[in-house]
Structures are given as structure tokens and as C-alpha cells.
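For what it's worth, our numbering labels the leading residue of the sequence shown as 1025, then goes sequentially.
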Amino acid sequence: MSKKYVLYSGGQMDENRYIHQHLAELVEESRKSFTYVPYCYDQSDVFFRKAVRRYQRFGFDQFQILHLDRPSTKDHVKHCLSADVIYLAGGNTFYMLHHLKKSGLFGMFQEYSRRGGILAGLSAGAIIMTPRIDLAGTPEYDADDNEIGLRNLRGLNLVDFEFFPHFRNSKRFIDSLSKYSLTRKNPVYALKDGGGVIVNERRKTFIGDAWIFWKGDCTRL
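Okay, here's the thing in C-alpha cells:
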């Protein structure tokens, strides 16, 4: 089956419209359905309504929300997994991955991808789509708090790279990510807010400025 993924760096700025359009174009159906997965239940209804308004402009007309840290019926989970797109929202990466695994949805999302479903993620959601989420704790001065004590940092492993959102082109960030990349098995793609990566089969399309960190080297695309 086809592999189609969209990784957003973050922000809800105007530049993201290009990524929204790419996401919509990956869906081959004329009627497009969308499952929104918040990182936590708190205030998720507010962010869900914003997502509905945002993606309606790009042809999506069926929306549902799937919580990780609240129980859902089997029928609701089945309905959510039938959507054209599953979207993993931003938030605390460690908390989100913990509950993704605890809920049993981790394996279901992997199977959804194997069946050709389209997965999209923003910030934390995008990091979770990669092989590991170690970057959520890097650099120390700009990291998510692992208050939940998550030890198994393996992600959904849908792509062959790690993803660093909210990148700023400063010596401090470049030095930190260059050092981090020295011991990694996969390259690190870093993007500013408003940017992202579109994966369609083996083709990767970068939206916005992008940097690749690999074995200590930094290359700007």
C-alpha cells in the first residue's frame, strides 16, 4: 500500500496553507474525512473546532475526534480509523506517546498506515511518527518535560528520519542538533514553524526552509 505522511513543524500561520493543500491533495476521494487526535483531553474541544474550520477550506467535510487519555467505544475507534486522514496534534510529546501506547492505538495507527491511510502530525504529533522521540528532550533549554516518566521512546516508525520542529537558525540550535546527530541512525530534518515535510511513497517534499543534520554535519536545503 502507499505511504503518505505529512509532518508539520508547527504554528497556525498563513504559510501552513501550502501544507494543508498538499495534505488535501493526497486524499483521492472527493469527500474527505478527518480524524483529529489531541495530545490530551483538556481543552481539546476548542482545538478540534479550530481544526474543523481550518480544514473545511481544503475540502474536508467529515470530522471526528479521538482521545488518547479518555476511553472510547470500539465502534467509535473503528469509525475514526476509517477516515482518510488521521491527524496527530501538537502538545507534550512524552505524554502523547505514553497514552497512544496505553490506549492500544499505537499498533492500530501503524496498521492504518500499512493499509494506506494518511497520517499527519504537527510538532509533537510529527515527532511521534518518526522512529524515536528523543528529540522531544533536545536541546535541554527548549525541551518537553517528561513528567510522565516515559522510558520507551520508540515512535510509530513510519518514516526514515527524525524530525525537529520549531527550529531557529541560530548557532545554539545548530550546535546542539549537530552534536545530537553524531550518534543517530537516521538523519534529522529541522524546520521552522510554517514549514513541513510531505512524504508520498519514496518522494519527500520540503515546504519552507529546511536543514538536515547527519553525523555532525548541518546542510541547509
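We put the beta carbon where it would ideally sit given N, CA and C, even for glycine.
By DSSP, does residue i sit in helix, in strand, or in coil?
| i | result |
| --- | --- |
| Lys1056 | strand |
| Arg1244 | strand |
| Lys1203 | helix |
| Gly1145 | strand |
| Asn1116 | coil |
| Asn1193 | coil |
| Leu1182 | coil |
| Ile1018 | Lying outside 1025 to 1245, the shown extent of the chain, residue 1018 is not represented and no answer is given. |
Report all residues from its chain with a CB closer than 6 Å to the CB of residue i; omit the five preceding and five following residues, and keep chain order.
| i | result |
| --- | --- |
| Tyr1111 | Tyr1060, Ala1144 |
| Phe1188 | Leu1159, Val1212, Ala1214 |
| Phe1084 | Lys1056, Phe1058 |
| Phe1185 | Asn1210, Pro1211, Tyr1213 |
| His1123 | Leu1092, Asp1093 |
| Leu1090 | Thr1059, Val1061, Cys1104 |
| Val1076 | Phe1087 |
Going by beta carbon distance, what residues of the same chain come within less than 7 Å of residue i, once the five residues before and after it are set aside?
| i | result |
| --- | --- |
| Tyr1119 | Tyr1063, Cys1064, Ile1172 |
| Asn1170 | Phe1118, Gly1161 |
Quick one: Cα of residue i to Cα of residue j, how far?
| i | j | result |
| --- | --- | --- |
| Ile1152 | Cys1242 | 23 Å |
| Lys1074 | Tyr1032 | 16 Å |
| Arg1081 | Val1030 | 18 Å |
| Asn1176 | Gly1240 | 25 Å |
| Ser1127 | Gly1161 | 23 Å |
| Ile1043 | Lys1216 | 13 Å |
| Phe1197 | Asp1166 | 10 Å |
| Lys1203 | Asn1116 | 23 Å |
| Leu1050 | Phe1191 | 26 Å |
| Leu1201 | Asp1099 | 43 Å |
Go through its chain and collect everything with a Cβ distance to residue i's Cβ below 8 Å, but skip five positions before and after it.
| i | result |
| --- | --- |
| Glu1225 | Ser1026, Lys1027, Lys1028 |
Report back the beta-carbon spacing between residue i and residue j to the nearest angstrom; my notes put them in contact at under 8 Å.
| i | j | result |
| --- | --- | --- |
| Phe1230 | Val1221 | 6 Å |
| Arg1208 | Arg1178 | The Cβ separation is near 14 Å, so there is no contact. |
Continuous alpha helix (DSSP H) assignments of at least 4 residues falling wholly in the stretch 1066 to 1097: Complete alpha helix (DSSP H) runs here, min 4: 1068 to 1080.
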